[in-house]
Amino acid sequence: MEAGLREKIEFALDTIRPYLEADGGNVRIVELTDDFVLKIEMMGNCGSCPMSSMTLKAGVEEAIKRAIPEISRVEAVNLTLA
């Protein structure tokens, strides 16, 4: 992943991190695939919270796609989304 793109992603994640951290969680970039799927790890309480799939879609993915529209979707590698 190019440095400039990683920076943009981290900046977008930083806009929602305070909300995740308030609940004892965080998020970490794992990989950006060739077809622009961003894979992340939900950490701390976010890894086990029953609301994490909603947080991923409504919070994390929305913030990322707003900042970097070329990203097609965001997936958490450690969640089973219903």
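All residue numbers for the sequence shown refer to our numbering, where the first residue is 7 and numbers rise by one. For every residue, glycine included, the Cβ atom is placed at its ideal position computed from N, Cα and C. All figures in this text were calculated on a predicted structure; none of them were measured in a lab.
Please classify residue i: does DSSP put it in a helix, a strand, or coil?
{"i": "Met60", "result": "helix"}
{"i": "Val36", "result": "strand"}
{"i": "Ile74", "result": "coil"}
{"i": "Leu87", "result": "Any reading at Leu87 needs caution, since the residue's pLDDT is 48, under 50, leaving its predicted position unreliable; the model's value is listed next. DSSP places Leu87 in coil when its eight states are reduced to three."}
Apply the 10 Å Cβ neighbour rule to residue i and answer buried if 16 or more other Cβ atoms are within range, or exposed otherwise.
{"i": "Ala18", "result": "buried"}
{"i": "Val36", "result": "exposed"}
Would you kindly work out how many angstroms separate the C-alpha atoms of residue i and residue j, rounded to a whole number?
{"i": "Lys45", "j": "Ala28", "result": "22 Å"}
{"i": "Lys71", "j": "Val33", "result": "16 Å"}
{"i": "Gly31", "j": "Cys55", "result": "9 Å"}
{"i": "Glu67", "j": "Ala82", "result": "10 Å"}
{"i": "Ser78", "j": "Asp41", "result": "8 Å"}
Within the same chain, show all residues whose beta-carbon is closer than 6 Å to that of residue i, passing over the 5 residues directly before and after it, in chain order.
{"i": "Leu38", "result": "Met7, Leu44"}
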